[in-house]
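Just so we're on the same page, the numbering used here is the position in the sequence shown counted from 1, plus 44.
Glycine is no exception: its CB is placed at the ideal position from the N, C-alpha and C atoms.
First the structure, in the form of structure tokens, and then the observations on it.
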Amino acid sequence: MYVMEFRHSGVTRTSRVVRMSLGMFSGSKYRCPVQDSLKALGYTPVSPPPGRREVLGQVALRPLMDELDGRRGPGAPRRHRLDPVLENWTRHALRAYDSAFFRSDGDSGLSEVARPWTYRYPAGADDHRGATEYGITVWGRCLASADGTVRELRLPVHRSGAHNVPADGYVAVAALVTAEDRQSGPPDHVRVVRFPAAGTRPELLFAGTPEEAKDLHRTHGRHAVRALLDSAEYRPGSACGSCPFTAGCPALMRAPGLTGLSGKGRPRRTWSPTDGREYAACARRSRARSLRLPTLDAVERSPAAERGRAVHAYLAARHRADPPVPCSSDIPEDWVPAGFALEERELLIATAQLRRHAAVCPLHRVLSAEDVRVEPTVTMEDPAARVVVVTDPDLVYRDGGSWVWREVKSTSRRFTGTSNLMETYPQLALAVLMAGEAVWPGRSGNVRVEAEILRPHGASLVTLDPSSPAVRDRARKALAPLMAAWHADDSFEPQPGPECAACPVSQWCPDAAVRTGAERHEP
């Protein structure tokens, strides 16, 4: 019996055919390696987690693939209803696809093959994973020339860029599957292209002969396959919401009653403070964000937002130092992290905020790097609500025998006191409810929550006690309006109004009250 069964309870192996998908090699931080490994190795849960299917589709690129499938003939019926956001996005993605790949004369020289490409090979008689066969599938558009000498795999993504560079193993596996599929005779040349549905130019990932594809696989792909199938890394986070193996997961913390909601008749979902803020602004905005649709940079990266993110990134880098070094008020002139551009006014405000941070930097009380966790993902499941709650504290550190959850908020406004702090910053309310439930290594004392408010002319440090019933009650009241309506919503209807002008995903909403011409993608 494979060792994974001893580590992860509540699963049984129902197939000895190992089935890997290309997406499992993406290296995305949103994927859980053990979840991918269990699925690939043929395990299924003994008791699948309860929860009905979502009404609306949850995979933004699925409708695009369905539409392209439909061009080849009638396809399978859709399993989810398309809402206006997904319809707009899909129309835009189709136009972008046609613009990128179809020549003006209508002849690209390539046509879609009958079935997606698959690479299969038999396992050895003494296979240490107990497999009888190995296989890898791809999710994309598979095309070939009429004579079969050229193959091209087009992989859809939301958008490309420096933040979304594919892993070497991913490219190697994609090239191998494209070269080695046996639907027809072997090709002379293969290409792997990544297609950003947002509309930017396609990105060539690989071009070469089948032998060059196999060489690339020997260099990068084999290691990626071993790493996938033999992984022991649990990565609790947003992937837990759709994971069928959570019942026996030793890494997912459980907190019954955390949200105060009942999940009877509801789908399983993942919630974060960002989801709460987005839903409070507009349900459809929350919906578009959950699909990770491209945003308007002019809104998403406004001067104030860019300043806040730059301050956050600088402090995170400083706090990761090993050994820990408390932050200084001596801020270098070139402190702005790579990838950020601050206007002069915002640069002055941010620099002043960083100087104020030095006096309250938590590293003054930290003895070693083992006592610091910078932006750790804290994930808890409320089984009663069928909700997985995910949040990333700015910093968790150990002060003597106690762990401290620190949230840092930078603002150019005057500090108005602590009376509505948890209402203003929902992360603090969630921290109060989660801190006492979390498992902290070596914990011997109480956990406390700290709110650090950075302003150009001062820094305030406010302490919240998660063990106080009054504090926890206030936290629940602060979170209730952000969670309850979202939890019960299946349609995510818009609330058009003046706020649409500051919505980073308004280009996908046909009901947005403000249209900005070229910035919008008209249906």
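Beta-carbon gap between D436 and P368 smaller than 9 Å | On the sequence shown, residue 436 is found 392 positions in, with the first residue counted as 1. On the sequence shown, residue 368 is found 324 positions in, with the first residue counted as 1. Between D436 and P368, the C-beta spacing is not below 9 Å.
How many Å lie between V47 and S275 at the Cα?
-> Numbered from its first residue, the sequence shown carries residue 47 at position 3. Numbered from its first residue, the sequence shown carries residue 275 at position 231. Any reading at V47 is ruled out, since the residue's pLDDT is 39, under 50, leaving its predicted position unreliable.
Look up C186 in the DSSP assignment and give the residues it is bridged to.
-> Here the question's residue 186 lines up with position 142 in the sequence shown. In the DSSP output, where bridge partners are listed per residue, C186 has L197.
Is K453 helix, strand or coil by DSSP?
-> Within the sequence shown, numbered from 1, the residue matching residue 453 stands at position 409. The answer is strand: DSSP assigns K453 an E or B state.
Proximity winner among F250, P317, A251 and Y178, relative to R266 (alpha-carbon distances) = Taking the first residue of the sequence shown as 1, we reach residue 266 at position 222. For the residues F250, P317, A251 and Y178, the minimum Cα distance to R266 belongs to Y178.
What are the boundary residues of the alpha helix (DSSP H) that includes F536?
-> As a working note, residue 536 is residue 492 in the sequence shown. Counted as a single uninterrupted DSSP element, the stretch harbouring F536 is not any alpha helix (DSSP H), since DSSP gives it neither H nor E.
Please determine if the segment 495 to 514 and the segment 273 to 293 are in contact, where contact requires at least 3 C-beta pairs separated by less than 8 Å.
-> Contact between the segment 495 to 514 and the segment 273 to 293 is absent, because fewer than three Cβ pairs lie under 8 Å.
What does DSSP give as the partner residues of T395 in its beta bridges?
-> Counting from 1 along the sequence shown, the entry for residue 395 is found at position 351. None; T395 has no bridge partner.
R336, DSSP secondary structure in three states | Position 292 of the sequence shown, counting from 1, holds the residue named residue 336. Here R336 sits in coil by DSSP.
Excluding sequence positions up to five away, which residues of its chain have a Cβ less than 7 Å from the Cβ of A546?
-> Translated into the one-based positions of the sequence shown, residue 546 becomes position 502. Here the set comprises V343.
Comparing alpha-carbon positions, which option in P240, E390, N132 and G95 lies nearest A349?
-> Along the sequence shown, read from residue 1 onward, the residue named residue 349 stands at position 305. Among P240, E390, N132 and G95, the Cα nearest to that of A349 is on E390.
Put V422 into one of helix, strand or coil per three-state DSSP.
-> In the sequence shown, the residue the question calls residue 422 occupies position 378. In the structure shown, the three-state DSSP call for V422 is strand.
Identify the continuous beta strand (DSSP E) that holds P89 and give its terminal residues.
-> Counted from its first residue, the sequence shown places residue 89 at position 45. Element bounds for P89: Y87 to P89.
Segment contact flag, the segment 414 to 431 with the segment 297 to 304, C-beta cutoff 8 Å, min 3 pairs = Contact between the segment 414 to 431 and the segment 297 to 304 is present, with at least three C-beta pairs closer than 8 Å.
Counting only runs of 3+ residues fully inside the segment 230 to 276, write out the beta strand (DSSP E) ranges in chain order.
-> List check, beta strand (DSSP E) in window: 233 to 240 and 247 to 252.
Would you kindly report the start and end of the unbroken alpha helix (DSSP H) that includes W133?
-> For this step, residue 133 is matched to residue 89 along the sequence shown. Segment P128 to F145, the alpha helix (DSSP H) holding W133.
Would you mind sorting R328 into buried or exposed? The rule is 16 or more other CB atoms within 10 Å of its CB.
-> For the purposes of this step, residue 328 is taken as residue 284 along the sequence shown, with counting starting at 1. Buried, by the Cβ-count rule.
Within its chain, find whatever has a CB closer than 6 Å to the CB of S228; leave out the 5 residues flanking it on each side and keep chain order.
-> For the purposes of this step, residue 228 is taken as residue 184 along the sequence shown, with counting starting at 1. Within the same chain, S228 has close Cβ partners G192.
In this structure, does DSSP put V380 in helix, strand or coil?
-> Counting from one through the sequence shown, the residue named residue 380 turns up at place 336. Note: V380 maps to coil in three-state DSSP.
Output yes or no for whether 9 Å exceeds the beta carbon distance between Y358 and L398.
-> The residue you call residue 358 lines up with position 314 of the sequence shown. The residue you call residue 398 lines up with position 354 of the sequence shown. Yes, these two residues count as a Cβ contact at 9 Å.
Give the DSSP-derived three-state secondary structure of E566 in the structure shown.
-> Here residue 566 refers to the residue found at position 522 when the sequence shown is read from its first residue. Note that E566 has pLDDT 42, beneath the 50 cutoff, so the model's placement of it is unreliable and the number below is only indicative. Here E566 sits in coil by DSSP.
Determine the burial state of V448: buried for a count of at least 16 other Cβ atoms within 10 Å of its Cβ, exposed for fewer.
-> Translated into positions along the sequence shown, residue 448 becomes position 404. With 16 or more other Cβ atoms inside 10 Å of its own Cβ, V448 counts as buried.
Best match in S412, D232, H136 and D259 for proximity to E111 [C-alpha to C-alpha] | Here the question's residue 111 lines up with position 67 in the sequence shown. Selection S412, D232, H136 and D259 evaluated against E111 yields H136 as nearest (Cα-Cα).
Less than 8 Å between the CB atoms is what I'm expecting for V215 and V236, so what's the real figure, rounded?
-> Translated into positions along the sequence shown, residue 215 becomes position 171. Translated into positions along the sequence shown, residue 236 becomes position 192. Going by Cβ atoms, the distance from V215 to V236 rounds to 7 Å, so yes, they are a contact pair.
I think D319 touches W530, with their Cβ atoms under 8 Å apart; what is that distance to the nearest whole Å?
-> Mapped onto the sequence shown, residue 319 falls at position 275. Mapped onto the sequence shown, residue 530 falls at position 486. So it is a contact: roughly 7 Å between Cβ atoms.
Residue from G352, D142, A144 and L108 whose Cα sits closest to the Cα of E131 = Taking the first residue of the sequence shown as 1, we reach residue 131 at position 87. Per the Cα distances, L108.
Going along the chain, which unbroken runs of the beta strand (DSSP E) with 3 or more residues stay wholly within the segment 47 to 114?
-> Counting whole runs of 3 or more residues, the segment 47 to 114 contains the beta strand (DSSP E) stretches 55 to 57, 61 to 65 and 87 to 89.
Between the Cα of G292 and those of L526, V90, A84 and F536, spot the shortest distance and give me the residue it belongs to.
-> For the purposes of this step, residue 292 is taken as residue 248 along the sequence shown, with counting starting at 1. G292 has its Cα closest to that of V90, out of L526, V90, A84 and F536.
Who are I497's beta bridge partners in DSSP?
-> For this step, residue 497 is matched to residue 453 along the sequence shown. I497 has K453 and S504 as its beta-bridge partners, per DSSP.
Per DSSP, T435 forms a beta bridge with which residues?
-> Position 391 of the sequence shown, counted from the start, is the residue given in the question as residue 435. In the DSSP output, where bridge partners are listed per residue, T435 has V422.
Given that a residue counts as buried once 16 or more other Cβ atoms are within 10 Å of its Cβ, and exposed if not, what is E496?
-> What you label residue 496 is simply residue 452 of the sequence shown in a count that begins at 1. Its Cβ being crowded by 16 or more others within 10 Å, E496 is buried.
K453 classed as buried or exposed, judged by whether at least 16 other C-beta atoms fall within 10 angstroms = On the sequence shown, position 409 is the one that residue 453 refers to. By the neighbour-count rule (16 or more Cβ atoms within 10 Å), K453 is buried.
Extent of the continuous alpha helix (DSSP H) to which Y214 belongs | For the purposes of this step, residue 214 is taken as residue 170 along the sequence shown, with counting starting at 1. From DSSP, the alpha helix (DSSP H) with Y214 extends over D212 to E224.
So, helix, strand or coil for T318, using DSSP?
-> Position 274 of the sequence shown, counted from the start, is the residue given in the question as residue 318. It is helical.
Quick one: Cα of Y278 to Cα of P77, how far?
-> Here residue 278 refers to the residue found at position 234 when the sequence shown is read from its first residue. Here residue 77 refers to the residue found at position 33 when the sequence shown is read from its first residue. Looking at the two C-alpha atoms, the distance is approximately 6 Å.
Assigned exposure category for S511 - 16 Cβ within 10 Å defines buried | Mapped onto the sequence shown, residue 511 falls at position 467. By the 16-neighbour rule on beta-carbons within 10 angstroms, S511 is exposed.
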